[in-house]
Amino acid sequence: MGRRRKRRKKIVKKRTLPPRYFQCPRCGSMTLTVDFKKTDKLRIKRAIVRCGTCGLHCEFEVPEVLDRVDVYNKVVDLVYENRLEECMAAEEEGVEHGEAPGEAEEAIGGE
Ligand SMILES: [Zn+2]
Numbered sequence: 003m004g005r006r007r008k009r010r011k012k013i014v015k016k017r018t019l020p021p022r023y024f025q026c027p028r029c030g031s032m033t034l035t036v037d038f039k040k041t042d043k044l045r046i047k048r049a050i051v052r053c054g055t056c057g058l059h060c061e062f063e064v065p066e067v068l069d070r071v072d073v074y075n076k077v078v079d080l081v082y083e084n085r086l087e088e089c090m091a092a093e094e095e096g097v098e099h100g101e102a103p104g105e106a107e108e109a110i111g112g113e
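Note that my numbering numbers the sequence shown so that position 62 is 64, with each residue one more than the last.
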């Protein structure tokens, strides 16, 4: 039986689901979300960060390997360094994001 072959050595991580909401570094509410969208660049994805309370919204491109927490940490840094506008500015370039909700989420799932 091919039983053995299927048994790949797997590093069993504790299955802690990545948190869906983060604490917003600007207003302190637990309503910050990080979503990802595919880009046409290789190994680059677009991170979309939004806060449902204060309206924080920024986007930037990150390496595909980053996950939500990494992006979140980036945003926290930006806010603390007062550089959030750097990524928020992208919004005003006339880019309309009319994507269907939830779509980006399925494209690149977390763990
Ligand atoms: Zn906020």
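The C-beta atom is built at its ideal place from N, Cα and C for all residues, glycine as well.
Given residue i as reference, the closest of the options once Cα atoms are compared
{"i": "VAL78", "options": "PRO27, PRO65, LEU34 and LYS40", "result": "PRO27"}
{"i": "VAL67", "options": "TYR23, VAL14 and LEU44", "result": "LEU44"}
{"i": "ARG74", "options": "PHE24, LYS15, MET32 and LYS11", "result": "Reading off the sequence, residue 74 comes out as Tyr, not Arg. Nearest option by C-alpha distance: PHE24."}
Sub-8 Å separation of residue i and residue j beta-carbons
{"i": "VAL63", "j": "ARG85", "result": "Before going on, a small fix: residue 63 reads as Glu here, not Val. No. Outside cutoff."}
{"i": "CYS89", "j": "CYS56", "result": "no"}
{"i": "CYS60", "j": "LEU34", "result": "no"}
Exposed unless 16 or more other CB atoms sit within 10 angstroms - verdict on residue i
{"i": "VAL71", "result": "exposed"}
{"i": "ASP37", "result": "buried"}
Assumed close pair residue i, residue j - CB separation to whole angstroms, cut-off 8 Å
{"i": "ILE50", "j": "LYS40", "result": "No, ILE50 and LYS40 are not in contact; Cβ-Cβ is about 12 Å, not under 8 Å."}
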